[in-house]
Amino acid sequence: MIAGPARTANRTFERLRFNSKHPDRDPVTGETLAPMPFEDSGVGLSAPSGSPLPSLNIDRVFILSGGDTCSASESVINALRGINFPVILMGATTCGKPYGFYPGDNCGTTYFSIQFQGENEAGFGDYPDGFSPTTNAAAPVGVRVSGCYASDDFDHALGDPLERRLALALAYDQNGCPLVATNAGQLAVSRTTAAAGALLSKPYGLTGKILR
């Protein structure tokens, strides 16, 4: 959908890796492990099965990121990087959740023990500390990705050109990362300032990815 069919045809979006006891088969479902492709049609979840999905067919993508950028969102970042598609982060380090699990019920308690890790076509999936924009980011950071560091902006609506991270993306598109803060929301900020931002508590369904 993002990179276009010419770049993603017959390429791997993600493959699941369990431990060495289960190299070829999902121990929970019994299904053979197979790479998941970049989908260009609906699979019956939010879009009807087989319905064509829109394609941006762009040359690079800007992703507004922060501590709530997690799981499925990180899979998109990792998958695109796995096929050498340019990803540029605008914001802060993502949450760091390359792992997944099946819920297990026992005596009224549901357990979510880590069971597998998602990897991209290049075989990479080690980002437990998240992905971090390379510019203006202080240690410790996750896997470094091209982009600029900026804290969240609670004073402007999403989509507002003055919203800090969107303003940063628009500025980067023209001139790269700003070296000094501007009146468009103080674009470049320290990691300490960013860490002071609030994180929203979301239900599991909005923080995890769905396997089919």
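In this note's numbering, the protein residues as written are 14 to 225. Built from N, CA and C at the ideal position, the CB exists for glycine as well. Fair warning: this is a prediction, and the values are worked out from it, not measured in the lab.
Inter-residue Cα distance where the pair is residue i and residue j
{"i": "phenylalanine 125", "j": "arginine 28", "result": "20 Å"}
{"i": "serine 164", "j": "aspartate 139", "result": "24 Å"}
{"i": "aspartate 186", "j": "glutamate 44", "result": "44 Å"}
{"i": "arginine 30", "j": "glycine 131", "result": "6 Å"}
{"i": "alanine 180", "j": "proline 36", "result": "45 Å"}
{"i": "glycine 136", "j": "isoleucine 90", "result": "14 Å"}
{"i": "glycine 55", "j": "proline 61", "result": "5 Å"}
{"i": "proline 40", "j": "asparagine 32", "result": "10 Å"}
{"i": "glycine 155", "j": "glycine 143", "result": "5 Å"}
{"i": "lysine 34", "j": "threonine 42", "result": "15 Å"}
{"i": "proline 50", "j": "asparagine 133", "result": "10 Å"}
{"i": "alanine 148", "j": "aspartate 81", "result": "First, the residue type needs correcting, since residue 148 is threonine and not alanine in the sequence shown. Each residue's alpha carbon lies about 20 Å from the other."}
{"i": "glycine 104", "j": "phenylalanine 75", "result": "10 Å"}
Residue burial classification, residue i (beta-carbon count within 10 angstroms, cutoff 16)
{"i": "asparagine 23", "result": "exposed"}
{"i": "alanine 182", "result": "buried"}
{"i": "valine 202", "result": "Caution applies to valine 202, whose pLDDT of 39 falls short of 50 and renders its modelled position unreliable; the value that the coordinates give is listed next. Counting Cβ neighbours within 10 Å, valine 202 comes out buried, since at least 16 surround it."}
{"i": "aspartate 166", "result": "buried"}
{"i": "proline 191", "result": "buried"}
{"i": "leucine 58", "result": "exposed"}
{"i": "threonine 122", "result": "exposed"}
{"i": "threonine 195", "result": "With a pLDDT of 40 at threonine 195, under the threshold of 50, the modelled position of that residue is not reliable, and no figure is offered here."}
Residue interval of the alpha helix (DSSP H) (run including residue i)
{"i": "valine 89", "result": "85-95"}
{"i": "leucine 175", "result": "Taken as a continuous stretch (DSSP letters only), leucine 175 belongs to no alpha helix (DSSP H), as it is neither H nor E."}
{"i": "proline 18", "result": "18-21"}
N- and C-terminal bounds of the beta strand (DSSP E) containing residue i
{"i": "glutamate 27", "result": "25-30"}
{"i": "aspartate 118", "result": "117-119"}
{"i": "phenylalanine 129", "result": "129-132"}
{"i": "phenylalanine 125", "result": "Careful: phenylalanine 125 lies outside any beta strand (DSSP E) and carries neither H nor E."}
{"i": "serine 164", "result": "Here serine 164 belongs to no beta strand (DSSP E), and DSSP marks it neither H nor E."}
{"i": "phenylalanine 144", "result": "144-148"}
{"i": "methionine 103", "result": "100-104"}
Residue i Cβ short of 7 Å to the ligand COA heavy atom set
{"i": "proline 146", "result": "Among the components of this structure there are no ligands whatsoever, and the ligand COA is therefore not found."}
Three CB pairs or more closer than 8 Å across the region 87-99 and the region 168-177: When Cβ pairs closer than 8 Å are counted between the two stretches, the region 87-99 is seen not to touch the region 168-177, the count staying below three.
Validate contact between the region 56-70 and the region 110-124 using beta carbons, cut 8 Å, 3 pairs: Touching, no.
Ranges of the beta strand (DSSP E) found wholly within the region 33-89, counting only runs of at least 3: As far as the region 33-89 is concerned, its whole beta strand (DSSP E) runs of at least 3 residues are 74-78.
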